[in-house]
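Protein chains in written order, with the numbering used here: chain A, 1030 to 1269; chain B, 1030 to 1269. Read through the structure below, which is laid out as structure tokens, and then see the notes.
There are 2 protein chains.
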Amino acid sequence: MVAAVSAQKTPMQNHLLALLPQEIFERIATHLELVSMPLGEALYEPGGQLHYAYFPTTSIVSLHYVMENGASAEIAGVGNDGVVGVALFMGGNTTPSQATVCAGGYGYRIKARLMMEEFNRAGPMMRLMLRYTQALITQMSQTAVCNRHHSMEQQMCRWLLFTLDRSASHELVMTQELIAGMLGVRREGITETAGNLQRAGLISYRRGHITALDRPGLESRTCECYSVVKKEFQRLLSDV
Amino acid sequence: MVAAVSAQKTPMQNHLLALLPQEIFERIATHLELVSMPLGEALYEPGGQLHYAYFPTTSIVSLHYVMENGASAEIAGVGNDGVVGVALFMGGNTTPSQATVCAGGYGYRIKARLMMEEFNRAGPMMRLMLRYTQALITQMSQTAVCNRHHSMEQQMCRWLLFTLDRSASHELVMTQELIAGMLGVRREGITETAGNLQRAGLISYRRGHITALDRPGLESRTCECYSVVKKEFQRLLSDV
DNA sequence: TGCCGTATGTGCGATAACGCACATAATTGT
DNA sequence: ACAATTATGTGCGTTATCGCACATACGGCA
């Protein structure tokens, strides 16, 4: 049984890898290493060199910035729809932000040098990575706008929806404390908002778990930011 | 006299163009068209196709998102240190955000097709544009973080400092209303904050003009976001 | 089964920024 | 010189979120 589950794991679970032309996918696949990505693992630290690019399959990674006073805020999330480490091929090879796993799971990684070799062919891999980076830019932009103008409830709904999109099930294994850290708000604020959403029948939760009961309801309570980003990902990253 | 000033205009005033190897600069220069970029001009609308890439010299451009309800927020600014229209070479050729001139001046533009031709050589131009895009990503990220955690005064100081950096003089031609729009806050809030900064001797202003009197003072009142972004621009975009 | 660390619930007062309604002052154009 | 327009100043009640101090309750593990 364990072996059977294990056999289901494939790099194709990552949408970006799945979009590569077969020839390139096969060339790359040899170098893709399946890795477990447990909750809390740091994929890179601020200012640290990137040794790998990561393609999450069942895990979700948060790109965030930690301030001098310890407060933090998420800049963007990356799941099976993306790749962690765009600074690798954009140049500079590091960023002031950091990447940590916020939902444990699996993913594939490839050595920085091998990734660069394929990128530098200036073919489909490069074009795909650049389009993804453009989608990431939209996500970051919308995070900035959302942080400025929208309520905590709207932001929490947005965050839940994105995280659910990157998740196989309707249940997220996630504490309120962690969500608060991502959104850069107080834990108590999340407790209150989650209570409201549960009373409204949109979610249900127990210690460390959140289950979505009514996705359309969540969508109606979030801001336009969710659909703006979602549509942009579809536009930029549908195969053609 | 007018002719003499006009003769001083050169694409080299844009730091990115100045970083290009001479051979490429010369190839490009033929296609660079000097354009006046008056306050308020829209370089592109959300969802609209990009027909040119713009390299500001004395103008400053704001990338911002306008929400359904009309509220807006700046995502990043671009001056003589950058280029407007990265979506051109990243793929997709449009964005949900828009670009408008927030400080009138001049710049050079190049037709999208010609820009792509040079980019697609996958040489120094491509590498420079990607490094710039990485710097832009840092700026956007930090905007998101700053919007979340920092006070209006910190944010206004940050904005003034960036704008001064992209400006030849210590005086900005700029209304408080415009600054409020950039930061996505109330105009009255800017009036109050500007009053505080003036009383503290850091700036002085009159109807439509702001003069910086004490840069170190402004730097001491802003948040870490200013220096994080500034250092990242230096790291990524100093010639080597 | 019971204990203990961790997660969640709740109730304050404090505060920064908001929304609105104006008053005043500086330019522009005639 | 004057009116019209645009920019800035000010006051005041409202609100969302914060910061802190706890109370409570779940659930893994001895």
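All residues carry an ideal CB built from backbone N, CA and C; glycine is no exception. As the structure is a computational prediction, the values presented were derived from the model and not from experiment.
Exposure label - residue i; buried when at least 16 CB within 10 Å
i                 : result
Gln1051 (chain B) : exposed
Ala1197 (chain A) : exposed
His1044 (chain B) : buried
Leu1049 (chain A) : buried
Asn1176 (chain B) : buried
Gln1263 (chain B) : exposed
Pro1125 (chain B) : buried
Pro1245 (chain B) : exposed
Pro1067 (chain B) : exposed
Asn1098 (chain A) : exposed
Asn1149 (chain A) : exposed
His1179 (chain A) : buried
Arg1142 (chain B) : exposed
Thr1059 (chain B) : exposed
Arg1138 (chain A) : buried
Ala1164 (chain A) : buried
Glu980 (chain A)  : Limits of chain A in this structure are 1030 at one end and 1269 at the other, which puts residue 980 (chain A) out of reach.
Ala1151 (chain B) : exposed
Ala1228 (chain A) : A small fix is needed here, since residue 1228 (chain A) is Arg in this sequence, not Ala. Label assigned to Arg1228 (chain A): exposed.
Met1030 (chain A) : Reliability fails at Met1030 (chain A), whose pLDDT of 42 lies under 50, so the model's placement of it is uncertain and no value is given.
Spatially closest choice to residue i from the options, by CA coordinates
i                 : options                                       : result
Gly1230 (chain B) : B:Leu1063, B:Val1112 and B:Asp1243            : B:Asp1243
Tyr1255 (chain A) : A:Thr1162, A:Thr1220, A:Leu1189 and A:Leu1159 : A:Leu1189
Val1214 (chain B) : B:Asn1122, B:Ser1267, B:Ala1100 and B:Ala1116 : B:Ala1100
Lys1272 (chain B) : B:Ser1065, B:Leu1193 and B:Met1181            : Here chain B covers residues 1030 to 1269 and nothing more, so residue 1272 (chain B) does not appear.
Tyr1135 (chain B) : B:Gln1042, B:Ala1209 and B:Tyr1234            : B:Gln1042
Ala1071 (chain B) : B:Val1113, B:Met1158 and B:Arg1160            : B:Val1113
Gln1274 (chain B) : B:Leu1247, B:Gly1106, B:Glu1062 and B:Leu1159 : The question about residue 1274 (chain B) has no answer here: the residues shown for chain B are numbered 1030 through 1269.
Leu1063 (chain B) : B:Thr1087, B:Lys1260 and B:Val1174            : B:Thr1087
Lys1260 (chain B) : B:Arg1156, B:Gly1077, B:Phe1191 and B:Ile1239 : B:Phe1191
Met1154 (chain B) : A:Met1119, A:His1060 and A:Met1181            : A:Met1119
Gly1077 (chain B) : B:Pro1040, B:Gly1121, B:Met1169 and B:Arg1228 : B:Gly1121
Gly1133 (chain B) : B:Tyr1094, B:Glu1217, B:Leu1201 and B:Leu1226 : B:Leu1201
Thr1129 (chain B) : B:Gly1210, B:His1199 and B:Arg1156            : B:Gly1210
His1199 (chain B) : B:Ser1233, B:Ala1082 and B:Leu1143            : B:Ser1233
Arg1236 (chain B) : B:Thr1204, B:Arg1216 and B:Leu1212            : B:Thr1204
Arg1195 (chain B) : B:Thr1220, B:Ile1053 and B:Gly1111            : B:Gly1111
Leu1092 (chain A) : A:Leu1247, A:Leu1143 and A:Ile1166            : A:Ile1166
Tyr1161 (chain A) : A:Ile1053, A:Glu1146 and A:Val1258            : A:Val1258
Tyr1094 (chain A) : A:Ile1219, A:Ala1173, A:Gln1227 and A:Leu1266 : A:Ala1173
Arg1216 (chain B) : B:Leu1193, B:Ser1249, B:Leu1247 and B:Met1181 : B:Met1181
Tyr1083 (chain A) : A:Leu1117, A:Met1096, A:Ile1053 and A:Ala1102 : A:Leu1117
Pro1085 (chain B) : B:Asn1225, B:Tyr1073 and B:Gly1108            : B:Gly1108
Ser986 (chain A)  : A:Glu1103, A:His1080 and A:Leu1157            : The structure shown does not extend to residue 986 (chain A), since chain A spans only 1030 to 1269, so no value can be given for it.
Gln1127 (chain A) : A:Glu1074, A:Ile1208 and A:Leu1061            : A:Glu1074
Met1169 (chain B) : A:Lys1140, A:Ile1104 and A:Ile1208            : A:Ile1104
Gln1183 (chain B) : B:Val1090, B:Lys1140, B:Met1145 and B:Ile1219 : B:Ile1219
Leu1226 (chain B) : B:Met1144, B:Glu1248 and B:Glu1055            : B:Glu1248
Leu1046 (chain A) : A:Ile1208, A:Met1144, A:Thr1240 and A:Cys1252 : A:Met1144
Glu1221 (chain A) : A:Thr1251, A:Met1185, A:Ala1241 and A:Glu1253 : A:Met1185
Arg1250 (chain A) : A:Ala1223, A:Ile1239 and A:His1238            : A:Ala1223
Val1115 (chain B) : B:Tyr1081, B:Ala1102, B:Cys1131 and B:Ile1089 : B:Tyr1081
Leu1079 (chain A) : A:Lys1140, A:Met1096 and A:Ile1239            : A:Lys1140
Closer than 7 Å at the beta carbon, the chain B residues around residue i
i                 : result
Ile1166 (chain A) : Ile1166 and Met1169
Gly1121 (chain A) : Arg1160, Gln1163, Arg1264 and Leu1265
Cross-chain neighbours of residue i in chain B, by beta carbon under 9 Å
i                 : result
Val1130 (chain A) : Within chain B, no residue comes near Val1130 (chain A); the closest Cβ sits about 19 Å away, beyond 9 Å.
Under 8 Å by beta carbon: chain A residues contacting residue i
i                 : result
Leu1072 (chain B) : Neighbours of Leu1072 (chain B) on chain A: none; closest Cβ ~16 Å, over 8 Å.
Listed by chain order, chain A residues near residue i by CB distance under 7 Å
i                 : result
His1178 (chain B) : Met1096, Ala1100, Ala1102 and Gly1213
Ser1126 (chain B) : Ser1170
Beta-carbon neighbours of residue i, restricted to chain A and to distances below 9 Å
i                 : result
Val1257 (chain B) : Tyr1094 and Pro1125
Glu1261 (chain B) : Gly1121, Thr1124 and Pro1125
Check: residue i C-beta below 8 Å from any heavy atom of the ligand ADP
i                 : result
Glu1055 (chain B) : Absent from the structure shown: the ligand ADP. Ligands present: none.
Legend entry - Within 7 Å of chain B by C-beta, residues of the region 1087-1117 of chain A in sequence order: Residues Tyr1094, Met1096, Glu1097, Ala1100, Ala1102, Ile1104 and Ala1116.
Legend entry - Segments assigned beta strand (DSSP E), at least 3 residues, entirely inside the region 1178-1214 of chain B: The qualifying runs are 1200-1202.
Inset, instruction - Determine which residues of the region 1230-1255 of chain B have a Cβ less than 7 Å from any Cβ of chain A, and write them out in chain order. - result: So the list reads Glu1253, given in the order they occur along the chain.
Inset, instruction - With 7 Å as the limit, tell me which residues of the region 1137-1156 of chain B have their beta carbon closer than that to any beta carbon of chain A; keep them in chain order. - result: So the list reads Ala1151 and Arg1156, given in the order they occur along the chain.
Legend entry - Contact residues within the region 1173-1204 of chain A, judged by C-beta distance below 7 Å to chain B: From the region 1173-1204 of chain A, only Ala1173, Val1174, Asn1176, Arg1177 and His1178 have a Cβ closer than 7 Å to chain B.
Inset, instruction - Could you tell me which uninterrupted alpha helix (DSSP H) segments, each at least 4 residues in length, are contained entirely in the region 1068-1127 of chain B, listed from first to last along the chain? - result: Considered as a whole, the region 1068-1127 of chain B harbours 1116-1119 as its complete alpha helix (DSSP H) runs of no fewer than 4 residues, in chain order.
Legend entry - Residue ranges of each beta strand (DSSP E) within the region 1126-1150 of chain A, 3 or longer: Within the region 1126-1150 of chain A, the complete beta strand (DSSP E) runs of at least 3 residues fall at 1127-1132 and 1134-1140.
Inset, instruction - Go through the region 1034-1069 of chain A residue by residue and report every complete run of the alpha helix (DSSP H) that reaches 4 residues or more, in order. - result: Taking 4 residues as the shortest admissible run, the region 1034-1069 of chain A contains the following complete alpha helix (DSSP H) segments, listed from N- to C-terminal end: 1044-1048 and 1051-1058.
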